[in-house]
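Protein chains: 2
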Amino acid sequence: MFKHSQLESVKAWLVHPAHAAMPLHTRIQRAIRQLIVDGALGPGKQLPASRALAGSLEVSRDTIETAYAQLHAEGFIDRRVGSGSFVAEMKEFTSGRRLMQRDTLRDQTPNLSKRGDAMFRSGGVREMLTPRPFAHGVPDTRSFPLLLWERLERQVLKEAGSQALLHGDPQGAEPLRRAIADYVNLERGAHATADRVVVLTSSQQAMTLCAHVLFDPGDRIFIEDPVYYGARKAFDAAGLDCVPVPVDHQGIMAERITADPHKAKAVFLTPSHQFPTGATLELDRRLALIEWAARHQAWIIEDDYDSEFHYAGRPTACVQGLDPHDRTIYIGTFTKALFPGLRIGYVVLPPHLVKPVTIARTLLDGHTASIAQLTLARFMEAGHFGAHVRTMRGIYAKRLEVLTALVREHLADFVEPQTPVGGLQMPCMLTGGLSESTAIAAAQRVGIELLGLSALYAGDDGRAGFLMGFAAYTPHEIERAVKKLAHALHAVRTA
Amino acid sequence: MFKHSQLESVKAWLVHPAHAAMPLHTRIQRAIRQLIVDGALGPGKQLPASRALAGSLEVSRDTIETAYAQLHAEGFIDRRVGSGSFVAEMKEFTSGRRLMQRDTLRDQTPNLSKRGDAMFRSGGVREMLTPRPFAHGVPDTRSFPLLLWERLERQVLKEAGSQALLHGDPQGAEPLRRAIADYVNLERGAHATADRVVVLTSSQQAMTLCAHVLFDPGDRIFIEDPVYYGARKAFDAAGLDCVPVPVDHQGIMAERITADPHKAKAVFLTPSHQFPTGATLELDRRLALIEWAARHQAWIIEDDYDSEFHYAGRPTACVQGLDPHDRTIYIGTFTKALFPGLRIGYVVLPPHLVKPVTIARTLLDGHTASIAQLTLARFMEAGHFGAHVRTMRGIYAKRLEVLTALVREHLADFVEPQTPVGGLQMPCMLTGGLSESTAIAAAQRVGIELLGLSALYAGDDGRAGFLMGFAAYTPHEIERAVKKLAHALHAVRTA
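Order-wise, the sequence lines are chains P and F. Residue numbers for the first sequence follow this note's numbering, beginning at 1 and rising by one. Residue numbers for the second sequence follow this note's numbering, beginning at 1001 and rising by one.
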């Protein structure tokens, strides 16, 4: 009592490779259900007798009975003793196919919310999955002591057992918070205790969380100009009114902020090595901003994203450690010091913000994966973190030196390198008359990644240039890529 | 030239246990910096000569010189040849101590945003770190095959090497998305492909993400009444206007939604086993809601949070698989089927929402940890996931049986158990005149966790009762706890 086409449709379902893992009776049940849902078998239509369908499909009658029983249990068919099985009357149901035809007349836009649409149009924060020169912000994962890490994880799991599989403290595992507090106190001159640390998945999450817990849509906050795009997008997505403040070679021009007559809720800073210029925020400006924040009950959001890697002398202490008024939120991450796939970042908070931020975090995504937190705590406690950072600092310093020399040698016609005191990337300013977009497109065509600088500025008068990430590439890879880039740029200039 | 108190303060810094890991010169530098920041050493003040300070502190002169050099590099002191070292004039800086005194006059509230304050007041979603009977929603992690998991992780790391440490696809690792699609198609009757899956950290993140991407503050959405508190809090935090719709023994009363004359953007459902009642949403209602959503271009948010554990026959297929119009967002999680500390959940999306949701996710927190994703994919591909779920289904079914029998035996004077067809907890309705708050408080006093039902209702007329989680506890633990609870309830009744 199936039409030929219906029988064919059921047979097609049975042999479809995507359904190979399902038991036969499930495949038959699904195939018939699909006919019903699609409207090909309308309400009241009689189904073939199980014996007849078993014959047509060359399966046992039991298989058909099992499929029918399931369809019945789900309410798709009625079974009447002595007269057979019928598609149930589902009164509210306009079958899919009919409704689908109406649908095609409608506009096919995804109907996102206003804020969802704004996030979509921002393009989000995409990272390179397989970094190639000169993608920025990526550490060298090839030098990571993975076997050691695995050994520590095994130790941790042996000791903690199934306890490590349970829900974790949303503020973060206590041993890790302690290790982080010790580290930022010692290496970054912070004033932290384990109680004031909240473990997150990334600095991106820290920025999103702060933006929501501390600010409402329309609130004004000062940001650096040029600025780290991830921060800008997080604040925009939260509906904040971002006010760009120019950066010079001593960092953000703090006097513009302290002299601004309008109320603002915060300033976002990358004081160690400003992103993207590399400038270190000068002490007087730090102190001026600390006083401004205290006076206006505003916040300083300090993103200390790659301060582990400082190549010229000791790095300046972080703003948080200088701030006696608890107006600074310190953001750190292990993405650059260890590896991006780890997904551990953190904030050091003023005491009275710890609870509100932790609670907001439970609403966002609960907590950070426990095993990784405990392994990292062990890695830090045993001194491996400090050792790894020191090793990588040496490797990266050398790579920066190699890159600078190669740029001077091969790209002198095009750019002026601005060797930074730290970090994982070097800004280069275009000097030779080539436009930024031409240079970046030419590089892209030969498989070289450059992040244009002008798009990081708020206005149209941003400086033309690009960032060259160097940390993830060996000197040999850097040399090959610089030569390839030089070749590509020469070619477009003469074209 | 230090006052006695200043010298004592420096000495105290040197011997403080928290600073034990710092080199001596760093400790001295920090101690002096603190005196400056706190205002104890004002601008222009002369520092002791390095030889004199070395004598007072009983350290070498080189140590003092190193500390002074660092203070100079940071801009805290000026060094004048022939006349010594002086605290720098930092014109913008009002020292900490003085400002601190002004601060104490101010109100000490945390000045959160309106939305931050609302999140704070919601209390967030707290989970038990060490579950004890009868905490709900917790799986048995003691039965998890941890050694097998570790072995698969080692395999994955051996094969992927440092590639596994890099940034991952924000949509989720492709092998895991494929395994999830196969699983939900086979076991939940979904229509999924790897392209339509986005891997997240939890169902909580899925709800927060949907709330932001699809809805603006003030948008109306229907929710179940009673409702899962985590969903309600996520939607409230996103500023949505939640409209409660009563649930009866066939699930949410869909006719209230289809008959509602006011525009709404979505309905949130837990159709497999409604939280907390355990009701399964009946087929006619599913179909009615699918049609309603298609007609109004509204969304169905289907949280299929513990559908793996269905004890009576086969579970009904999910709503997503019945919806031919792509208006359903299916949310799944491994928190209950594997372990909470894993932090992997997912959504199956209509095709045109995949990009917007993935992009929004990069703004929230980037992506899910890669190693855990690849290990889980391997666990699923090799059939271990299916086997584990089957094992646990048997264990949990037995525990539910034990709990039901024990409640009937020992708690018949107080409650009527509502044995659910699936899930990890059983609702019990209070029948013996004891108030819900009295019962829960009495249980709490003897170390027993019960989640009250009435607070999950929108109005004040919610039914009195509590949820008893049973999955994480052995029959022996359940028996002991039920007897203890019976004893405690008898005691408060006779008191």
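Heads up, the beta-carbon is just placed ideally off N, CA and C, and yes, glycines get one too. Just so you know, these numbers come straight off a predicted model, no measurement behind them.
Assigned exposure category for valine 81 of chain P - 16 Cβ within 10 Å defines buried: Classification for valine 81 of chain P: exposed.
Threonine 1333 of chain F, enclosing beta strand (DSSP E) - first and last residue: Residues 1328-1333.
Runs of alpha helix (DSSP H) lying entirely within the stretch 1403-1480 of chain F, each at least 4 residues, in chain order: Fully enclosed alpha helix (DSSP H) runs of no fewer than 4 residues occupy 1436-1445 of the stretch 1403-1480 of chain F, in order along the chain.
Cβ neighbours of glutamate 1153 of chain F in the same chain (closer than 6 Å, five flanking residues each side left out): Closer than 6 Å at the Cβ level, and outside the excluded window around glutamate 1153 of chain F, lie Thr1375.
First through last residue of the beta strand (DSSP E) which encompasses alanine 1266 of chain F: From DSSP, the beta strand (DSSP E) with alanine 1266 of chain F extends over 1266-1269.
Serine 1437 of chain F at chain P interface by Cβ criterion, 8 Å: Judged by the 8 Å Cβ criterion, serine 1437 of chain F is not in contact with chain P.
Under 7 Å from the C-beta of serine 370 of chain P: neighbouring residues of chain F: Gly1341, listed in chain order.
8 Å Cβ cutoff met for threonine 1063 of chain F and histidine 1025 of chain F: Cβ atoms of threonine 1063 of chain F and histidine 1025 of chain F: closer than 8 Å.
Outcome for alanine 1491 of chain F when other beta-carbon atoms lying within 10 angstroms are tallied against a minimum of 16: Exposed, because fewer than 16 other Cβ atoms sit within 10 Å of the Cβ of alanine 1491 of chain F.
Stretch-stretch touch, CB-based, cutoff 8 Å, three pairs: the stretch 402-410 of chain P with the stretch 442-459 of chain P: Segments in contact, no.
Glutamine 70 of chain P versus F:Ala1259, F:Ser1060, F:Thr1316, residue with shortest Cα-Cα distance: Relative to the Cα of glutamine 70 of chain P, the nearest Cα in the group F:Ala1259, F:Ser1060, F:Thr1316 belongs to F:Thr1316.
Whole-angstrom distance between glutamate 308 of chain P and tyrosine 183 of chain P, CA atom to CA atom: Spanning the alpha carbons of tyrosine 183 of chain P and glutamate 308 of chain P requires a straight line of approximately 11 Å.
Range covered by the beta strand (DSSP E) that runs through valine 1198 of chain F: Counting along the chain, the beta strand (DSSP E) containing valine 1198 of chain F begins and ends at 1197-1200.
Enclosing beta strand (DSSP E) for isoleucine 301 of chain P [first to last residue]: 299-303 is the extent of the beta strand (DSSP E) around isoleucine 301 of chain P.
Residues near valine 1446 of chain F in its chain [Cβ-Cβ closer than 6 Å; skip 5 each side]: Lys1484, Ala1488, listed in sequence order.
Cα-Cα separation between glycine 1423 of chain F and arginine 220 of chain P, rounded to whole angstroms: In this structure, the alpha-carbon of glycine 1423 of chain F lies about 47 Å from that of arginine 220 of chain P.
Closer than 9 Å at the beta carbon, the chain F residues around threonine 431 of chain P: Within chain F, no residue has its CB atom less than 9 Å from the CB of threonine 431 of chain P, the nearest being about 31 Å off.
Of the listed residues F:Gln1034, F:Thr1494, F:Leu1186, nearest to glycine 321 of chain P (C-alpha basis): Comparing alpha-carbon positions, the option among F:Gln1034, F:Thr1494, F:Leu1186 lying closest to glycine 321 of chain P turns out to be F:Gln1034.
Contact list for glycine 1360 of chain F against chain P, beta-carbon separation under 8 Å: Just to set this straight, residue 1360 of chain F is alanine in the shown sequence, not glycine. Taking the beta carbon of alanine 1360 of chain F as reference, the chain P residues within 8 Å of it are Gly116, Met119, Phe120, Gly124, Ala237, listed in sequence order.
Reference glutamate 1302 of chain F; option with closest CA among F:Pro1145, F:Pro1175, F:Val1227: Comparing Cα positions, the closest option is F:Val1227.
Proximity to aspartate 117 of chain P [Cα-Cα], best of P:Arg343, P:Ala238, P:Ile223: The candidate whose alpha carbon is nearest that of aspartate 117 of chain P is P:Ala238.
Beta-carbon proximity of leucine 349 of chain P to arginine 196 of chain P, cut-off 8 Å: With contacts defined as CB atoms closer than 8 Å, leucine 349 of chain P and arginine 196 of chain P qualify as a contacting pair.
Three-state secondary structure assigned by DSSP to glutamate 1127 of chain F: DSSP places glutamate 1127 of chain F in the coil class of the three-state scheme, outside both helix and strand.
Where the beta strand (DSSP E) containing arginine 1079 of chain F begins and where it ends: Counting along the chain, arginine 1079 of chain F sits inside the beta strand (DSSP E) bounded by residues 1077-1080.
Chain F residues whose Cβ lies nearer than 7 Å to that of leucine 467 of chain P: Simply none; closest approach about 17 Å.
7 Å CB neighbourhood of proline 276 of chain P in its chain, flanking five on each side removed: Once the five neighbours on either side are set aside, the close Cβ partners of proline 276 of chain P are Pro226, Pro427, Leu453, Leu456, Leu467.
Glycine 313 of chain P at chain F interface by Cβ criterion, 8 Å: At least one chain F Cβ lies under 8 Å of glycine 313 of chain P.
Residue environment, proline 131 of chain P, which counts as buried when at least 16 other CB atoms sit within 10 Å: Buried: at least 16 other Cβ atoms inside 10 Å.
Interface residues of chain F facing arginine 30 of chain P [CB-CB closer than 8 Å]: Neighbours of arginine 30 of chain P across chain F, judged by C-beta separation under 8 Å: Gly1189.
Sub-8 Å separation of asparagine 111 of chain P and glutamine 1297 of chain F beta-carbons: At the C-beta level, asparagine 111 of chain P and glutamine 1297 of chain F come within 8 Å of one another.
C-beta neighbour in chain F for aspartate 306 of chain P, strict 8 Å: No, aspartate 306 of chain P does not count as interfacial toward chain F.
Cβ neighbour criterion (16 or more within 10 Å) applied to proline 351 of chain P: The C-beta of proline 351 of chain P has fewer than 16 other C-beta atoms within 10 Å across all chains shown, which makes the residue exposed.
Inter-residue Cα distance where the pair is glycine 137 of chain P and alanine 1264 of chain F: In a straight line, the C-alpha of glycine 137 of chain P is about 43 Å away from that of alanine 1264 of chain F.
Beta carbon proximity, threonine 375 of chain P to chain F, threshold 8 Å: Threonine 375 of chain P is outside the set of residues whose beta carbon lies under 8 Å from a beta carbon in chain F.
Integer Cβ distance of methionine 128 of chain P from histidine 1384 of chain F, believed to fall under 8 Å: About 32 Å separates the Cβ atoms of methionine 128 of chain P and histidine 1384 of chain F, ruling out a contact at the 8 Å cut-off.
Buried/exposed call for histidine 249 of chain P, threshold 16 Cβ in 10 Å: Exposed, by the Cβ-count rule.
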